[in-house]
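K.L.:
Here's a structure for you.
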Amino acid sequence: MAHLQPKLAELDPVWHRICNEAEAAIAEEPLMGGLIHAGILHHKTFEGALAYRISMKLSSPEMSEQILREIADQAYVEAPELAAAARADLVATYDRDPACHRFMKPLLFFKGFQAVQAYRLGHWLYQNNRKDLAYFIQMRTSEMFGVDIHPAAKIGQGIMIDHAHSIVIGETAVVGDNVSMLHSVTLGGTGKEDDDRHPKIGNGVLIGAGAHVLGNIKVGNCSRIAAGSVVLAEVPPMKTVAGVPAKIVGEAGCSQPSISMDQILNAVM
């Protein structure tokens, strides 16, 4: 497949690598051929494969795969930044997740990556005043992946959500670039307040499993939130917080916690 698209390969090394990995995977396990051809090798571009994967996952008796595919195709044409963010998310997952050994794995198998791309599609719909469709995407993403991200939330690129079970990100939440989080993270409110009520997560932040960040508070760039913490107050940049309620327990331990993925607190205690 890769040899059929030499010009595309030069322009899109991520897609070129995915196609090469797909061919090697079929040679290794021929029984995966149908899935891998349908998900990757039948498509000319990364955008086409991504639109196919999202539409297959989110389709239901209420909304066909064909309709969702047309919506996604339109989104990637009109907003190329969506696919650019997806590429950054894919590379981030490959770089940070020790269980990810090939570029094609997030696209085919990792629900954290797929859920974030579904959110990005819903966010594009929301921004274009197609809110009912956006809410449908949110609902189906929650049902299929266990990830509930409001389509109005603002999320940067280079995002890695590992395991991606029981993730909740509220309507007015903001998540910066190059953020990593594990399962059961909540970026939520503290009650029934209206308006701006959800956390603002800076760039390069690492959020541990089961952490809850509540209210309209800032979490500074390159900080760490320990697993199981409940954060109710602002977190300065490059600090580690832990506990219930969370308190500063030391420095972040490195310049890029979200990339190092080091969650051990001993080094900063």
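83 is the number of the first residue of the sequence shown in the working numbering; add one for each residue after it.
Ideal Cβ placement from N, Cα and C applies to all residues, glycine included.
Values in this document were obtained by computation on a predicted structure and should not be read as measured data.
By DSSP, does R306 sit in helix, in strand, or in coil?
P.N.:
strand
K.L.:
Go to L264, then tell me how far its alpha helix (DSSP H) extends in each direction, as first and last residue.
P.N.:
Premise fails: L264 is in no alpha helix (DSSP H) and is neither H nor E.
K.L.:
Would P233 pass as a contact of G204 if the rule is Cβ separation under 7 Å?
P.N.:
Here P233 is near G204, since their CB atoms are less than 7 Å apart.
K.L.:
Which class does H294 belong to by DSSP, given the choice of helix, strand or coil?
P.N.:
Correct three-state label for H294: strand.
K.L.:
Exposed or buried, which one is Q148 when buried takes at least 16 other CB atoms within 10 Å?
P.N.:
exposed
K.L.:
Please classify D177 as buried or exposed, where buried requires at least 16 other C-beta atoms within 10 Å of its C-beta.
P.N.:
exposed
K.L.:
Is it buried or exposed for D276, if we count other Cβ within 10 angstroms and need 16 for buried?
P.N.:
exposed
K.L.:
Whole angstroms are fine: how far does the CA of M221 sit from the CA of S248?
P.N.:
13 Å
K.L.:
Run through DSSP, which three-state label would D278 get?
P.N.:
Correct three-state label for D278: coil.
K.L.:
Quick check on this structure: which residue in L117, A170, V256 and S224 has the alpha carbon closest to the alpha carbon of S141?
P.N.:
S224
K.L.:
Under 8 Å by Cβ, that's how I've got E103 and F185 pegged, so tell me the actual separation to the nearest angstrom.
P.N.:
6 Å
K.L.:
For V267, count neighbouring Cβ atoms within 10 angstroms of its own Cβ and tell me buried if that reaches 16, exposed if not.
P.N.:
buried
K.L.:
How far does the alpha helix (DSSP H) with A154 in it extend, from its first residue to its last?
P.N.:
For A154, the enclosing alpha helix (DSSP H) begins and ends at E147 to E160.
K.L.:
Between G130, G292, A308 and A315, which has its C-alpha nearest V301's C-alpha?
P.N.:
A315
K.L.:
In the DSSP assignment, what residue or residues form a beta bridge with A324?
P.N.:
K329
K.L.:
Using the Cα positions of V257 and N211, report the straight-line distance between them to the nearest angstrom.
P.N.:
22 Å
K.L.:
Among all the DSSP beta bridges, which residues are the ones paired with D230?
P.N.:
V250
K.L.:
Report all residues from its chain with a CB closer than 7 Å to the CB of D94; omit the five preceding and five following residues, and keep chain order.
P.N.:
F128
K.L.:
Alpha carbon to alpha carbon, how far is V312 from L132? Give it in angstroms, no decimals.
P.N.:
Spanning the two alpha carbons is a distance of roughly 35 Å.
K.L.:
Apart from the five residues on each side of it in sequence, which residues of its chain come closer than 8 Å, Cβ to Cβ, to P88?
P.N.:
For P88, the pLDDT reaches just 48, beneath the cut-off of 50, and the residue's location in the model is therefore unreliable, although a value from the coordinates is still provided. Nothing meets the Cβ criterion.
K.L.:
Going straight from the alpha carbon of R279 to that of E160, what length do you get?
P.N.:
31 Å
K.L.:
Go to H205, then tell me how far its alpha helix (DSSP H) extends in each direction, as first and last residue.
P.N.:
K193 to Q209
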